[in-house]
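Engineer: Quick one: this structure, given as structure tokens, is what I'll be asking you about.
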Amino acid sequence: MVDDGLAGLLAEQVAYYRARAPEYLAGTLHPAGAGELAAALDGFAPGGDVLELACGPGPWTPRLLRCAASVTAVDASPEMLALARERVGDDDRVRFVCADLFAWRPQARYDVVFFGFWLSHVPLERFAAFWSLVADCLTPDGRVFFVDDAYRTPEELINGDASPIIRRRLNDGTAYRAVKVPHTPTGLQRRLVELGWNIQVRATDGPFFWGAGTRA
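First residue of the sequence shown: 488, per our numbering; consecutive thereafter.
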């Protein structure tokens, strides 16, 4: 895939989530394993100044605020950020930033970087660059926590099971391409070790996995 094609795909992915915002929460499922993710994050105790990447409509932001002194929440969709603001309310510990994560650079360093259901939307061509961004966002002893899944329906697959490109539809049938890399916990942990991270990736009883750790 040439980079121009990749840029177009990523722009289409953002367009999908912007258009999806009004119907996003109605379509959110809570299958087996979701409670394990929440319990793992609570046990991780994301204290200090926390950076939340790709916050979406803010399902994780209130949970982060249980321990965090502050949360900076970044997302490329202003429509999703509006939902997140509504969810959080008037908590002055939260700052929302509308930005493309593939172009955004931090203006500060954080004690914790968190991202929920975002890593699978990062193309493998941008995987190393994304983790370089995460490193730039962290204090020297900063920590990382993420949750995700590898779930893709047969109807979403465009070029077969081996391709990371999927097609998702709005309720009205409008179709958008997006990235959904089917990481496995073992394979993902191996990739992170190769990039110099000490992150343990664990599977839940359901379709999810979560990772926590630091730079090596």
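By construction, the Cβ of each residue, glycine as well, lies at the ideal position given by its N, Cα and C atoms.
Small disclaimer: the values here were computed from a predicted structure and weren't measured.
What do you get for R592, buried or exposed, if any count of 16 or more other CB atoms within 10 angstroms of its CB means buried?
Structural biologist: That one is exposed.
Engineer: If contact is defined by three or more beta carbon pairs under 8 Å, each pair taking one atom from either stretch, is the stretch 597–609 in contact with the stretch 618–635?
Structural biologist: At 8 Å Cβ cutoff, the stretches touch.
Engineer: Would you call the CB atoms of E523 and T691 closer than 8 Å?
Structural biologist: Yes. Within cutoff.
Engineer: State the DSSP-derived secondary structure class of Y511, mapped to helix, strand or coil.
Structural biologist: Reduced to three states, the DSSP call for Y511 is helix.
Engineer: Would you tell me roughly how many angstroms separate the C-alpha atoms of R678 and H670, rounded to the nearest one?
Structural biologist: Spanning the two alpha carbons is a distance of roughly 10 Å.
Engineer: Under a Cβ-count criterion, where at least 16 other Cβ atoms within 10 Å of its own Cβ denotes burial, should I686 be classed as buried or exposed?
Structural biologist: Buried: at least 16 other Cβ atoms inside 10 Å.
Engineer: Report yes if the CB atom of L552 is closer than 8 Å to the CB atom of R580, and no otherwise.
Structural biologist: It is a contact, given that the beta carbons lie within the stated cut-off.
Engineer: How would you write the range of the beta strand (DSSP E) that T691 sits in, first residue to last?
Structural biologist: Element bounds for T691: n/a, residue is neither H nor E.
Engineer: Compare the beta carbon distance of V501 and S564 with 8 Å and say whether it is the shorter of the two.
Structural biologist: Cβ distance < 8 Å, so V501 and S564 count as in contact.
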